[in-house]
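A.B. asks:
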Amino acid sequence: MDFKLILIVTLVASGLISLLDRLFWLKQRQQKLEQALAKTRNLSYSKKKTILAKPEWVNTSDFFFVVASAAGVVWLMLPNFELILVVALAVSLALTLVEKLYMEKRKKADVTELYQRNSNPEEDELEDTRKMPWWVDYGWSFFPLLFLIVALRSFVYEPFKIPSGSMQSTLWVHDFILVNKFEYGLRLPVTKTKLTQGSTPKRGDVIVFRAPHQPDKDFIKRLIALPGDKVYYLPNHQLFIEPNCSTEPARVSAKEAGLACNQRNEIKHRLKQAKGFQFSDVYSETIAGVEHEILIDPTDNQDRYYPELHRQFELIKQQNPEVLDIHKRHFFAQNNAYIEDWKNGVVVPENSYFAMGDNRTGSSDARFWGFIPEERMVGKADYVWLHLEFGFDQNGFFHWVPTGVNFDRVKTIQ
1 MDFKLILIVT
11 LVASGLISLL
21 DRLFWLKQRQ
31 QKLEQALAKT
41 RNLSYSKKKT
51 ILAKPEWVNT
61 SDFFFVVASA
71 AGVVWLMLPN
81 FELILVVALA
91 VSLALTLVEK
101 LYMEKRKKAD
111 VTELYQRNSN
121 PEEDELEDTR
131 KMPWWVDYGW
141 SFFPLLFLIV
151 ALRSFVYEPF
161 KIPSGSMQST
171 LWVHDFILVN
181 KFEYGLRLPV
191 TKTKLTQGST
201 PKRGDVIVFR
211 APHQPDKDFI
221 KRLIALPGDK
231 VYYLPNHQLF
241 IEPNCSTEPA
251 RVSAKEAGLA
261 CNQRNEIKHR
271 LKQAKGFQFS
281 DVYSETIAGV
291 EHEILIDPTD
301 NQDRYYPELH
311 RQFELIKQQN
321 PEVLDIHKRH
331 FFAQNNAYIE
341 DWKNGVVVPE
351 NSYFAMGDNR
361 TGSSDARFWG
371 FIPEERMVGK
381 ADYVWLHLEF
391 GFDQNGFFHW
401 VPTGVNFDRV
411 KTIQ
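In full-length UniProt numbering, the protein residues as written are 1 to 414.
1) Please name the residue in I287, F279, A211 whose C-alpha comes closest to that of F240.
2) Specify, as a first and last residue, the run of the beta strand (DSSP E) that F176 falls within.
3) Closer than 8 Å is the cut-off here; do at least three beta carbon pairs connect the region 181–197 with the region 330–342?
4) Closer than 6 Å by C-beta to S363: which residues in its own chain qualify, once you throw out the five before and the five after it? Chain order, please.
5) Use the C-beta contact count for Y102: other C-beta atoms within 10 angstroms, 16 or more gives buried, fewer gives exposed.
6) As an exercise, report each continuous beta strand (DSSP E) stretch of at least 3 residues that is fully enclosed by the region 326–387, in chain order.
7) Does DSSP classify T40 as helix, strand or coil?
8) Roughly how many angstroms lie between the CA atoms of P249 and R360, to the nearest whole one?
9) If distances are taken between C-alpha atoms only, which option among T299, P349, Q214, N320 comes closest to G228?
10) Which term fits W57, buried or exposed, when burial requires 16 or more other beta carbons within 10 angstroms of its beta carbon?
11) With a threshold of 7 Å on Cβ separation, who are the neighbours of C245 within its own chain once the five nearest residues in sequence on each side are excluded?
12) Curious, which full-length alpha helix (DSSP H) runs of at least 4 residues does the region 142–174 contain?
13) How many angstroms separate the CA atom of F155 from the CA atom of L148?
14) Out of E322, F142, L93, M132, which one is the CA nearest neighbour of K108?
15) Does the distance from the C-beta atom of D110 to that of Y45 stay below 8 Å?
16) Quick check: the Cα distance between I17 and Q30, rounded to an integer number of angstroms?
17) So, using beta-carbon positions, are H213 and R329 closer together than 8 Å?
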């Protein structure tokens, strides 16, 4: 039985119980109360409350209905955790406004009415009359915390967990990092509307973004080339950049990066250790003054550009005219081939960036699915703040349970 089926069964069953209680069982309890009042006029408030109280199993069913409803909403919004937080914040704000603008006045009126009926009410009855509904109390309680979390994640730093080895050896699987959300300009959560300009992304930055072929998923790669740069990438994993020098700011940027205008600049890498990291050769590479390690599998020297795939895709377009060129990116990525003949050089489009993983033979990146639009930039990766180790039961039920913390991984990301 999968999660979806469990959720549906829980919602239907608990919802049906709540409906039956509202339509039938509540009336039965009210009839019992009327019978008790007919026998005893001065029935205590606590006795009335006991007679009208729901059975414990109905309360449990109501609890599961609330939990299942919340889980269903969260499940529908996954994997967009940011959307979940924003919706939760909006709900808590609405409940806070209901409490402050409506419920507090209503409760005061109820207390006044109680004293008019009975000048000396029981303490339990007075307390219940003043008490806010549980859903209003929770809304107000969570609002400050949710507001702080959304503000920090959206405008200061957002935590991420590294899920794959595409950035090894700079970033390892199970590294927890902090991503600077104001470096490239502040954006509204969910809509990503830009509020401030921020600084221009630089060659060599480690960036987090939403890829063009998977717009709902966060990726992390190293920024290699800026708009207008011409990129060359050879089958032997040699990288060249011919910088954009069409404007004065672009020429200044190229000079600061140590790149000569109007020529191919080789981004050299030197061997540090053969098969030094998970059977890959470790090289030292410097881009725009940023020195970092890259990994290259010594057995991988194939040319991933297959002209036959271009012919196949053109045939698909002829058969289905609705297929757009953007689908070509995904088509080539699925076939483990580069989308363009990078050997001849490809110019990065305006307002776009070219990025690759430091694990050059183990990364799905712009070589496969194309350039990163500026509006899909999320932020700059600044720090590794935690690394969890998972040393047992790797394929079992408890594979997600950490066995230790590696504090040596805490560092500034270069």
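Note that beta-carbon positions come from the ideal geometry of N, C-alpha and C, so glycine has one too.
Please read all numbers here as calculations on a predicted model, not as lab measurements.
C.D. replies: Let's see:
1) I287
2) 175–180
3) no
4) S166, G357
5) exposed
6) 352–356
7) coil
8) 30 Å
9) P349
10) exposed
11) R251, A254, C261, N262
12) none
13) 11 Å
14) M132
15) no
16) 18 Å
17) yes
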